[in-house]
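Residue 536 is where the sequence shown ends in the working numbering, and the numbering goes up by one at each step.
These notes concern the structure reproduced below.
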Amino acid sequence: MTGERKIIFHIDVNSAYLSWEAVDQLQHGASLDIRTIPAVIGGNPEKRHGIVLAKSIPAKKYQIKTGETLYAARLKCPGLAIFPPRYDLYVRCSEAMLDLLREYSPSLQRYSIDEVFLDYTHMEKHFGDPREAAHQIKDRIYRELGFTVNIGISSNKLLAKMASDFSKPNKVHTLFPEEIPEKLWPLPVEDLFMVGRATAPKLHRLGIYTIGDLARADPALLKKRLKSHGLLIWNYANGREDSPVGDFPGIKSVGNSSTIAFDVEDRKTAHMFLLSLSEMVAMRLRNAGYLARLVVVSLKSQDFFSYSHQRQLYTATDSTNRIYAAAVSIFDEMWQGEPLRAIGVRAGALVDGSLQQLSLFDPGDWLKQRAMDAAVDKIRTKYGSNMIMRAVFLHSGIKPLTGGVWEEDYPMMSSLL
């Protein structure tokens, strides 16, 4: 296993949002670990469109599923504990895990906020056998950070990711090419990455029910019926994938959006949500080391009509104030006064943060603003988002750092493999 072939780890946080909430509560004196009771992350039941984002293992016994409504989940378990999402906390926990993983390899790739690929090739001389190193990483994350992870090990990213999905939690699994017939092929075909709810029935109609069935199928037939996607999943079923581990090769933008608990009908309230979203986007840019040259504002009306406008910036920035100013200007031009139920802010056209230059268009207090942003980030990272906030939020009912992480912020596996 330690020859010339690649050794790739896939580290996946178990029930990430709920685990991170549990750890934070325990660190702040809670006596009950919510991972041991039926609990979910998903907002308040009074809020519209509340869904289950993460669930505890005890909640699974009630057949509660990620993605279902909180109303449906409560029907299954009337005593279900529900906690709202806290994305600033998730960013801090994710960054803490990345810092630990960097000790084991210079080559990391964050696949999502709770998943990371690590290239362990040629690192055995430093940390020993890959299995032993994976167990060490897993145990250190639990001991030092308080949450559990699964780690999959293989010679490519696809198989490492599949391995990490085997039995949970707090486990290490291998899935090397020679193990595919025993460990991968007996699984239902819908368990294969990129075989979703739309694809599985099509495969069933072809008599393909297991990953092994797919691996042995005629690729020409799959291409005829499923186009290029058929060849993609046929290769995946056979464990074929050779993309390198790289740091965010597919990231093009950083964005946050918020579905609001009431209809926004006035400009002042909309501006406050834009400020909260801009704070989150800018902080994430700074944490990731990026600058943005583009700002996009998206709106969803009461009747679910969605639209967006964008603007190019004179110079790339990670400044909260500049992103907010651009967002407000865009919003004021595009909004027609209709009631809004969702608002989003996205920063795009990203460049390396080390390339920041002072422009004639930058305000004179640019350096002071940058230092202030850094200081605020440091305080919020250490003590939480509510420790320091703008006065405008104090009695508004709107929290700073609003917004969920948009799915598009992280590259889909199909763009990685």
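Glycine residues also receive a C-beta, built at the ideal position from the N, C-alpha and C atoms.
- Distance from the CA of residue 410 to the CA of residue 465, rounded to the nearest whole angstrom, comes to 12 Å.
- Nearest C-alpha to residue 455 among 386, 173 and 313: 386.
- Around the beta carbon of residue 239, a 10 Å sphere encloses 16 or more other beta carbons of the protein chains shown; the residue is thus reported as buried.
- Counted as a single uninterrupted DSSP element, the beta strand (DSSP E) harbouring residue 411 occupies residues 409-420.
- Annotated as distal: residue 390 and residue 470, with beta-carbon spacing of 8 Å or more.
- Nearest C-alpha to residue 269 among 156, 458 and 133: 133.
- A contact between stretches requires three or more CB pairs, one per stretch, nearer than 8 Å, and the stretch 241-248 fails this requirement with the stretch 263-278.
- Look at the beta carbons and you see the stretch 389-404 not touching the stretch 422-429: under three pairs across the two are nearer than 8 Å.
- In this structure, the straight-line span from the alpha carbon of residue 131 to that of residue 421 is close to 37 Å.
- Of the other Cβ atoms in all chains shown, fewer than 16 fall within 10 Å of the Cβ of residue 147; this residue is therefore exposed.
- The stretch 229-239 and the stretch 194-203 do not touch, with fewer than 3 CB-CB distances between them shorter than 8 Å.
- Boundaries around residue 236 are those of the beta strand (DSSP E), 234-238, since no alpha helix (DSSP H) includes it.
- Closest in C-alpha terms to residue 329, from the list 301, 344, 345 and 339, comes 301.
- In the DSSP assignment, residue 211 falls outside any beta strand (DSSP E) and lies within the alpha helix (DSSP H) extending over 206-220.
- The C-beta separation of residue 160 from residue 140 comes to about 6 Å, placing the pair in contact by the 8 Å criterion.
- Unbroken beta strand (DSSP E) runs of no fewer than 3 residues, entirely contained in the stretch 260-288, are found at 268-273, following chain order.
- Distance from the CA atom of residue 207 to the CA atom of residue 472, rounded to whole angstroms, is 21 Å.
- Inside the stretch 135-172, DSSP marks whole beta strand (DSSP E) runs of 3 or more residues at positions 158-160, from first to last along the chain.
- Three or more pairs of CB atoms, one per stretch, sit closer than 8 Å, so the stretch 350-362 contacts the stretch 286-304.
- Here residue 174 is bridged, per DSSP, to 159.
- Counting C-beta pairs closer than 8 Å gives fewer than three between the stretch 428-444 and the stretch 341-355, which falls short of the contact rule.
- Residue pairing by DSSP puts residue 378 in a beta bridge opposite 461.
- Here residue 241 is exposed. Its C-beta has fewer than 16 other C-beta atoms within 10 Å.
- Between residue 413 and the set 407, 423 and 401, the nearest pair of CA atoms involves 401.
- If you check the CB distance, residue 273 and residue 282 come in under 8 Å.
- Straight across, the Cα-Cα distance linking residue 153 with residue 175 is about 8 Å.
- When secondary structure is reduced to three states using DSSP, residue 495 falls in the helix class.
- Cβ neighbours of residue 155 within its own chain (closer than 8 Å, five residues either side excluded): 175 and 177.
- Between residue 467 and residue 377, the C-beta gap is not smaller than 8 Å, which leaves the two residues out of contact.
- Comparing alpha-carbon positions, the option among 299, 352 and 226 lying closest to residue 129 turns out to be 226.
- Residue range 330-335 is occupied by the alpha helix (DSSP H) that includes residue 332.
- In chain order, 394 and 397 place their CB closer than 6 Å to the CB of residue 443, counting only its own chain and leaving out the 5 sequence neighbours on each side.
- A straight-line Cα-Cα distance of about 34 Å links residue 383 and residue 142.
- At least 8 Å separates the beta-carbon of residue 204 from that of residue 237.
- Judged by DSSP secondary structure, residue 448 falls within the alpha helix (DSSP H) whose first and last residues are 439-453.
- A check of alpha carbon separations from residue 349 across 327, 415 and 124 identifies 327 as the nearest.
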